[in-house]
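In what follows, a structure is listed as structure tokens, so that the remarks can point back to it.
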Amino acid sequence: MNIEKLVRKNILELKPYTSARQSHSEGILLDANENSFGTVLPEEDFWGVNRYPDPYQKIMREGVSKFLNIPVENLFFGVGSDEIIDLAIRIFCQPSIDNAIVCEPTYGMYKVACDINQVEVINVPLTNDFNIDINAIEKAVNERTKILFLCSPNNPTANLLDKEKILELTKKLNIIVLVDEAYIDFAQNEGLIKYTLEFPNLIVMRTFSKAWGMAGVRCGFCAASKEIINIFFKIKLPYNISKLTAEAVTLALQNIDKRNEYIRMILKERERVYSSLKSNKKILNVLHSDSNFISFKVENPKEVYNYLEKNRIIIRDRSNQFNFAGYLRVTIGTPEENNLFLEKLNEIL
Ligand SMILES: *Cc1c(COP(=O)(O)O)cnc(C)c1O
Numbered sequence: 026m027n028i029e030k031l032v033r034k035n036i037l038e039l040k041p042y043t044s045a046r047q048s049h050s051e052g053i054l055l056d057a058n059e060n061s062f063g064t065v066l067p068e069e070d071f072w073g074v075n076r077y078p079d080p081y082q083k084i085m086r087e088g089v090s091k092f093l094n095i096p097v098e099n100l101f102f103g104v105g106s107d108e109i110i111d112l113a114i115r116i117f118c119q120p121s122i123d124n125a126i127v128c129e130p131t132y133g134m135y136k137v138a139c140d141i142n143q144v145e146v147i148n149v150p151l152t153n154d155f156n157i158d159i160n161a162i163e164k165a166v167n168e169r170t171k172i173l174f175l176c177s178p179n180n181p182t183a184n185l186l187d188k189e190k191i192l193e194l195t196k197k198l199n200i201i202v203l204v205d206e207a208y209i210d211f212a213q214n215e216g217l218i219k220y221t222l223e224f225p226n227l228i229v230m231r232t233f234s235k236a237w238g239m240a241g242v243r244c245g246f247c248a249a250s251k252e253i254i255n256i257f258f259k260i261k262l263p264y265n266i267s268k269l270t271a272e273a274v275t276l277a278l279q280n281i282d283k284r285n286e287y288i289r290m291i292l293k294e295r296e297r298v299y300s301s302l303k304s305n306k307k308i309l310n311v312l313h314s315d316s317n318f319i320s321f322k323v324e325n326p327k328e329v330y331n332y333l334e335k336n337r338i339i340i341r342d343r344s345n346q347f348n349f350a351g352y353l354r355v356t357i358g359t360p361e362e363n364n365l366f367l368e369k370l371n372e373i374l
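Under the working numbering, read the sequence shown as residues 26 to 374, first letter to last.
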């Protein structure tokens, strides 16, 4: 499969900007108009931020590479997954000409990022049990289709998508298959990341925003073939990942036990919240969850949402999403938070 054929011509021909820290990061650095004296921030706490960060994030990438058992050359980091979604669209989709496929109900950012880039979005709905409809996807693909966005576990339906079906499509279709695994840490499933070494058109995206408890840091990443990763590097903003971000991620990787402990606690709470929701006769459906949230269906979602909000419990009303009428989505919180949520929910229902 020829990835270059999928890449926009202007991106293939682009002569990238060469930043100062790309060529030198040591010596008497008088090349980037930084402040050589230091920073106004308290020095010990702020990791040498008077210098521009390493554009390749060498130390951080090596850490993540070791953690995932994926070669450094197959990893790219962005300011949250959101940046990766946007870059993927800009690499592969010619505005007003190409299109991308999403399978709703799913994460809204794929469509928004396409809309911003003026890229047509084709919705191929998930099946009734919220899995991918491979026949419908194959039918929907045309010669202008460049990316298929999949989310597994899917937000807001919370379930893993069928791995065999995703791989079958990836093998069959001459388009980029981008699988968003933001919630894979809660799925007790290794996900698809290792297959990026085998399939040249597969991109698997992950994030530090969920299980790692680092949503405020803004760091997401993807694994893909070297060919694709090189193009991401070619078009990224030179210093997209700050020194603070890279340091935070490096520190996080020294604390994997803590992440695992969070996952364990969240899964335990998920079980408890699920059972409690299931036992409420007024709840029309509770979806099985492979994620850190649960979606459930009620007759009066707006009313339930408003009652909880009045009681300072904020959940997400997803009832306006395509094929998702009646559904509310609640994130699994601490035991105390979950108890309050369940208590107030039982009051209104
Ligand atoms: C939360 C979430 C992300 C994470 O986005 P970041 O920009 O990395 O914080 C990605 N995909 C989905 C489906 C999500 O729900």
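Beta carbons: idealized from backbone N, C-alpha and C, even for Gly. A quick note: this is a predicted structure, and the numbers were derived from the prediction, not measured.
Checking the DSSP bridge columns, you'll see SER48 has no partner listed. Between THR275 and GLY88, the beta carbon gap of about 5 Å places them in contact (Cβ cut-off 8 Å). For SER106, the uninterrupted alpha helix (DSSP H) segment begins and ends at 105-117.
Inclusion of ARG115 and PHE102 in the CB contact set at 8 Å is not warranted, their separation being larger than that value. Rounded to the nearest angstrom, the gap between the Cα atoms of LYS34 and PHE117 is 9 Å. With distances taken between CA atoms, GLU38 lies nearest to LYS259 out of LYS259, SER316, PHE71, ALA277.
As summarised for the stretch 239-264, the continuous alpha helix (DSSP H) elements at least 4 residues long and confined to that stretch are 251-260, given in chain order. Residue ILE253 holds the alpha-carbon nearest to the alpha-carbon of MET26 among ASN142, ILE253, TYR42. Taking non-hydrogen atoms of ligand 1 into account, the C-beta of GLY105 is found less than 7 Å away from one of them. At a cut-off of 7 Å, the beta-carbon of ALA273 does not count as near ligand 1: no heavy atom of the ligand is closer than that. Every unbroken stretch of the beta strand (DSSP E) spanning 3 or more residues and falling wholly within the stretch 305-335 is given here in chain order: 318-322.
With distances taken between CA atoms, MET239 lies nearest to ILE281 out of ASP70, VAL229, ILE281.
In this model, VAL65 and LEU100 are separated by some 33 Å (Cα to Cα).
Rounded to the nearest whole angstrom, the C-alpha separation of LEU333 and PHE349 is 20 Å.
Around the CB of LYS261, 16 or more other CB atoms lie within 10 Å, so the residue is classed as buried. Taking the Cβ of SER121 as the reference point, every heavy atom of ligand 1 lies at 7 Å or farther away. Not one heavy atom of ligand 1 sits closer than 7 Å to the Cβ of TYR352. Excluding five sequence positions before and after SER121, the CB atoms of its chain that fall closer than 6 Å to its own CB belong to GLN143, given in chain order. Apart from the 5 residues on each side of it in sequence, PRO225 sits with its Cβ closer than 7 Å to the Cβ of MET26, ILE28, SER250, GLU252 in its chain, given in chain order. ILE157 and PHE366 have their alpha carbons spaced roughly 32 Å apart.
Of the candidates ASN214, LEU203, ASP111, LYS164, the residue whose Cα lies closest to the Cα of LEU192 is LEU203. Between ligand 1 and the CB of ASN184, the shortest heavy atom gap is not smaller than 7 Å. With respect to the 8 Å criterion, LYS171 and ILE201 are classified as neighbours on the basis of their beta carbons. Taking a contact to require three or more Cβ pairs closer than 8 Å, the stretch 349-360 and the stretch 307-323 qualify as touching.
If you look at LYS171, you'll find it in the beta strand (DSSP E) that goes 170-176. Short note on SER300: C-beta not closer than 7 Å to any heavy atom of ligand 1.
Shortest gap from the CB of LYS164 to any heavy atom of ligand 1: 7 Å or more.
Within the chosen limit of 7 Å, ligand 1 reaches the beta carbon of LYS235 through at least one heavy atom. Beta-bridge analysis with DSSP links ILE228 to LEU203.
Here ARG289 is exposed: its Cβ has fewer than 16 other Cβ atoms, across all protein chains shown, within 10 Å. Put simply, the backbone Cα of ASN285 is about 14 Å away from that of SER316.
Shortest gap from the CB of THR232 to any heavy atom of ligand 1: under 7 Å. At least 8 Å separates the beta-carbon of THR182 from that of ALA207.
Within 7 Å of the C-beta of ASN180 there is at least one heavy atom belonging to ligand 1.
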